[in-house]
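J.: Protein chains in written order, with this note's numbering: chain A, 254 to 555; chain B, 2 to 247. Positions of the beta carbon are idealized from the N, C-alpha and C atoms, including for glycine. Here the structure is a predicted model, which is why all the values come from computation and not from measurement.
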């Protein structure tokens, strides 16, 4: 019964307070998201990944760094090592579990840096216009003109190998598309009547950009970020594979593939298992992105 | 005393070869407490005059005087406490992600009012929207309700001059009458001066004391509503417009 009342309260057409209106809008978004099965699958996989990463010391059967050269390259299904062991006898399952932490760390950092920089550059450029727009967009063009991985390689080479620098390099190469999207959205928004209306209340550029333009750009950026996450994980794995990302013995998935590459013909699971992990997480992010697009796209809803 | 005086107002868009003269040498004034109408067909420059007054159309020359103060290129903050505008399309003039409460609250905040909660309640009552609409989002409102919110927003800074840009043309006929009556009541209550743009002569005849007829960016005739009702236009185009509206 209480549940029934809560539902009615959340779905009301006449919210009675600010908080009520917010909760109601959130709940309706959640309902439309929940009806999308594929997106829910993506969300569940990612929640599992977060849980696994958080509980890594509790659930991993072995220490991911302990070597056991007598038991190296054990095949799949070996008792005690379900996913086998790598060239130094380390348990692959444990390494995958700890690697989830690194993957999440990379994803979270890139998701915090690149879209924010892109949003800032894009909205300022679109709203202010004039020579500011020209300068900012030409800088964006320069970044866009380079192949992404090559530019990231150059940055990592200049900054030194390591996860933090890999994240920084990926972010530096990932922001231009977000700036482009944000600018395009801003251009359509800034000439609309509701922006004119707030200008007529004497609002300054800062307030208009942050309070009126950002809320409308953010949803399409979130969608784009989740769809890009797969690419970001792959880029991080690629840098790891080339030896410029995570350094051994860190169990980063890309670095694990790189190690397994030497034995790929005789001991295929060493490279395949981390590959499958990357594949699963990338797929989950793509599914989630598709679902979020359906919920958040302002053109589709309302 | 005149609330608004406009002398030799030119407004244009674009530069050099692409320059389009939207308004040419417009001259009229609006007395304190008067309701003045601007009529003409689409593209005749009616709305552009409003946008020039508010500063939304930045390219203008001539003289615009509001309450004896000549306007410069940049509008001071105090200007927006005197002059406010209601837009044509209520579906486009409200931010899709802001609730009614946010729209009015932010406006009041920007004008430095205290006791914002009480004032939001008062504004909603003034425009005939109850409390139950306060926390709704625009997509939960009908066109007429949205226009009421837009009117409440324009009234929030307690302006003296309200610019109305075809405030009812996007609404159903029955809702149009409601909004027009609301505007007429508000004008009496708050002693407002209206400058109203419309292409509908019956609306102008109902709402205004005097009107100017515009054609191709020029004001061809200024007359009072009594003359409009007697169909006494001197300019051939104005006469044509009157004939067409019967």
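In chain order, what are the residue ranges of uninterrupted alpha helix (DSSP H) at least 4 long that sit wholly in the stretch 75-142 of chain B?
T.: Whole alpha helix (DSSP H) segments, 4+ residues: 80-83, 101-111, 117-127.
J.: Any idea what DSSP makes of residue 418 of chain A, helix, strand or coil?
T.: DSSP places residue 418 of chain A in helix when its eight states are reduced to three.
J.: Please classify residue 198 of chain B as buried or exposed, where buried requires at least 16 other C-beta atoms within 10 Å of its C-beta.
T.: By the neighbour-count rule (16 or more Cβ atoms within 10 Å), residue 198 of chain B is buried.
J.: Considering only the beta carbon of each residue, do residue 372 of chain A and residue 309 of chain A sit closer than 8 Å?
T.: It is not a contact, given that the beta carbons lie outside the stated cut-off.
J.: Got a sec, what are the start and stop residues for the beta strand (DSSP E) residue 199 of chain B sits in?
T.: 194-199 is the extent of the beta strand (DSSP E) around residue 199 of chain B.
J.: Which residues in chain A sit within 7 Å of residue 96 of chain B, going by Cβ to Cβ distance?
T.: What residue 96 of chain B touches in chain A: 447, 465.
J.: If you draw a straight line from the C-alpha of residue 552 of chain A to the C-alpha of residue 138 of chain B, how long is it?
T.: Note that residue 552 of chain A scores a pLDDT of 49, beneath 50, so its modelled location is shaky; the value from the coordinates is reported in the next line. Computed Cα separation, rounded: 16 Å.
J.: If you reduce the DSSP assignment to three classes, tell me which class residue 461 of chain A lands in.
T.: Reduced to three states, the DSSP call for residue 461 of chain A is helix.
J.: On the CB-based measure, 16 or more other CB atoms within 10 Å of its CB, does residue 555 of chain A come out buried or exposed?
T.: Here the model assigns residue 555 of chain A a pLDDT of 42, short of 50, so the residue's position is not dependable and the matter cannot be decided.
J.: Would you be able to state if there are at least three C-beta pairs under 8 Å between the stretch 212-231 of chain B and the stretch 55-73 of chain B?
T.: Touching, no.
J.: Using a Cβ-Cβ cut-off of less than 7 Å, give me the residues of the stretch 453-486 of chain A that come near chain B, in sequence order.
T.: Within the stretch 453-486 of chain A, the qualifying residues are 453, 454, 455, 456, 465, 468, 469.
J.: Cβ of residue 90 of chain B less than 8 Å from any chain A Cβ?
T.: Yes - at least one Cβ of chain A is within 8 Å of the one on residue 90 of chain B.
J.: My parser needs the alpha helix (DSSP H) runs of 4 or more residues fully inside the stretch 295-381 of chain A; what are they?
T.: DSSP runs (the alpha helix (DSSP H)) wholly in the stretch 295-381 of chain A: 309-312, 345-381.
J.: Taking the alpha-carbon positions, what's the residue 177 of chain B to residue 145 of chain B distance?
T.: Roughly 8 Å between the two C-alpha positions.
J.: Which chain B residues sit within Cβ distance under 8 Å of residue 274 of chain A?
T.: Residues of chain B passing the Cβ test: 100, 102, 136, 137, 138.
J.: Pop quiz: residue 273 of chain A and residue 96 of chain B are said to be a contact at Cβ under 8 Å. What is the actual Cβ separation, rounded to whole angstroms?
T.: The Cβ separation is near 19 Å, so there is no contact.
J.: I need the boundaries of the beta strand (DSSP E) containing residue 9 of chain B, first residue and last residue.
T.: Unbroken beta strand (DSSP E) run through residue 9 of chain B: 3-14.
J.: Taking C-beta to C-beta, are residue 216 of chain B and residue 45 of chain B nearer than 8 Å?
T.: Against a cut-off of 8 Å, the Cβ pair of residue 45 of chain B and residue 216 of chain B comes out as a contact.
J.: State the Cα-Cα distance for the pair residue 155 of chain B and residue 105 of chain B, rounded to the nearest angstrom.
T.: Rounded to whole angstroms, residue 155 of chain B to residue 105 of chain B spans 9 Å at the Cα level.
J.: Which class does residue 551 of chain A belong to by DSSP, given the choice of helix, strand or coil?
T.: The predicted position of residue 551 of chain A is uncertain, since its pLDDT is 49 and thus under 50; no value can be drawn from it.
J.: Residue 553 of chain A CB to nearest chain B CB: under 8 Å?
T.: Only weak support is given to the placement of residue 553 of chain A: the predicted model assigns it a pLDDT of 47, under 50, and the value that follows is read from those uncertain coordinates. Judged by the 8 Å Cβ criterion, residue 553 of chain A is not in contact with chain B.
J.: Measure from the alpha carbon of residue 479 of chain A to the alpha carbon of each residue in A:295, A:458, A:414, then state which is nearest.
T.: Nearest C-alpha to residue 479 of chain A: A:295.
J.: Please classify residue 273 of chain A: does DSSP put it in a helix, a strand, or coil?
T.: The answer is helix: DSSP assigns residue 273 of chain A an H, G or I state.
J.: Tell me whether residue 521 of chain A sits in a helix, a strand or coil according to DSSP, three-state version.
T.: It is coil, neither helix nor strand.
J.: Check residue 218 of chain B in the structure and name its three-state DSSP category.
T.: The answer is coil: DSSP assigns residue 218 of chain B none of H, G, I, E or B.
J.: Going by the CB atoms, is the gap between residue 442 of chain A and residue 224 of chain A shorter than 8 Å?
T.: Since the first residue shown for chain A is 254 and the last is 555, residue 224 of chain A is missing from the structure and cannot be characterised.
J.: Three-state secondary structure (DSSP) at residue 58 of chain B?
T.: Residue 58 of chain B falls in the coil class under three-state DSSP.
J.: Please identify, using Cβ separations under 8 Å, the residues of the stretch 362-388 of chain A that lie next to chain B, in order along the chain.
T.: Listed in sequence order: no entries.
J.: Hey, residue 493 of chain A and residue 483 of chain A are a contact pair by Cβ (cut 8 Å); roughly how many whole angstroms apart?
T.: Not quite, the Cβ-Cβ distance comes to about 15 Å (not below 8 Å), so this is no contact.
J.: Counting only the same chain and skipping the five closest in sequence on each side, list residues whose C-beta sits under 6 Å from that of residue 280 of chain A.
T.: Hits under 6 Å: 263.
J.: Which residues does DSSP list as the beta-bridge partners of residue 22 of chain B?
T.: BP columns for residue 22 of chain B point to B:13.
J.: Along chain C, in chain order, which residues have C-beta atoms closer than 9 Å to that of residue 78 of chain B?
T.: The chain inventory of the structure shown lacks chain C, comprising the protein chains A and B.
J.: Taking residue 271 of chain A as the query, report the chain B residues whose CB atoms sit under 7 Å from its CB, ordered along the chain.
T.: Per Cβ cutoff of 7 Å: 102, 136.
J.: Could you tell me the alpha carbon to alpha carbon distance between residue 557 of chain A and residue 343 of chain A, rounded to whole angstroms?
T.: A question about residue 557 of chain A goes unanswered here, because the residues of chain A that appear run from 254 up to 555.
J.: Between which two residues does the alpha helix (DSSP H) holding residue 472 of chain A run?
T.: Residues 467-494.
J.: Taking only beta-carbon positions, decide if residue 547 of chain A is within less than 8 Å of chain B.
T.: Not an interface residue.
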